[in-house]
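Step one of this worksheet: look at the structure below.
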Amino acid sequence: MRTKILLFLASVLIMAIPAYAKREPGSKVGAEFPELVFDFGTVNTKSGPVHHVFNMKNVGTSPIAIVSAVSGCGCTRPEFGKKPVMPGQTGTIKVTFLPEGQRGEINKVVKLRLRNSEGRSEQVSLRLQGVVVPQSK
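Numbering (our numbering), first residue to last: 8 to 144.
This is the structure in structure tokens:
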């Protein structure tokens, strides 16, 4: 009987260990984005560039570098700092969309490649969406 009780208690203890283990943040590298999609609403083709700044907070324990930011089209241009974002700090990615020559519903993606100093990397997609209408006469 005593053996059964000890086995039962050992089983409960083993099952409880993962509940107390240190949890990693949702990101592989420790980056947190409060916003992944920005809706710029409706703009006309001649209204000029649309700018938006996405924030990335480093919630990890090592610096995070933005290795690259690539858009699928020349009408969407990402800009980011070259210095790593230190733990607890926030970095920014400015995305500019040029509506001239575009029409209708827009869904533009910028793919970021992030890497921390521990060698972990991950890809994050930021998205701009909205509607571009012709300039009214």
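The beta-carbon is built from N, C-alpha and C at its ideal position, and this holds for glycine as well.
PRO41 burial status per 10 Å Cβ neighbour count (16 or more: buried): Residue 41 sits at position 34 when you count from the first residue of the sequence shown. That one is exposed.
Answer yes if the region 106–122 comes into contact with the region 75–86, meaning at least three C-beta pairs across the two stretches below 8 Å, and no otherwise. yes
Which value, in whole angstroms, describes the spacing of the CA atoms of LYS101 and GLY111? Taking the sequence shown and counting its residues from 1, one reaches residue 101 at position 94. Taking the sequence shown and counting its residues from 1, one reaches residue 111 at position 104. Spanning the two alpha carbons is a distance of roughly 23 Å.
Close-in-space but distant-in-sequence residues of the same chain around MET93 (CB under 8 Å, 5 per side omitted): By one-based count along the sequence shown, residue 93 stands at place 86. Hits under 8 Å: ASN65 and PRO70.
Whose C-alpha, out of LYS53, ILE73, PHE104 and PRO106, is nearest the C-alpha of GLY126? If you number the sequence shown from 1, residue 126 lands on position 119. The shortest Cα separation from GLY126 among LYS53, ILE73, PHE104 and PRO106 belongs to ILE73.
Between which two residues does the beta strand (DSSP E) carrying GLY37 extend? As a position in the sequence shown, residue 37 is number 30, starting the count at 1. No beta strand (DSSP E) holds GLY37; DSSP gives it neither H nor E.
Counterpart residues of ARG84 in DSSP-defined beta bridges: To locate residue 84, count along the sequence shown from 1; it is residue 77. Note: ARG84 sits in a beta bridge opposite THR103.
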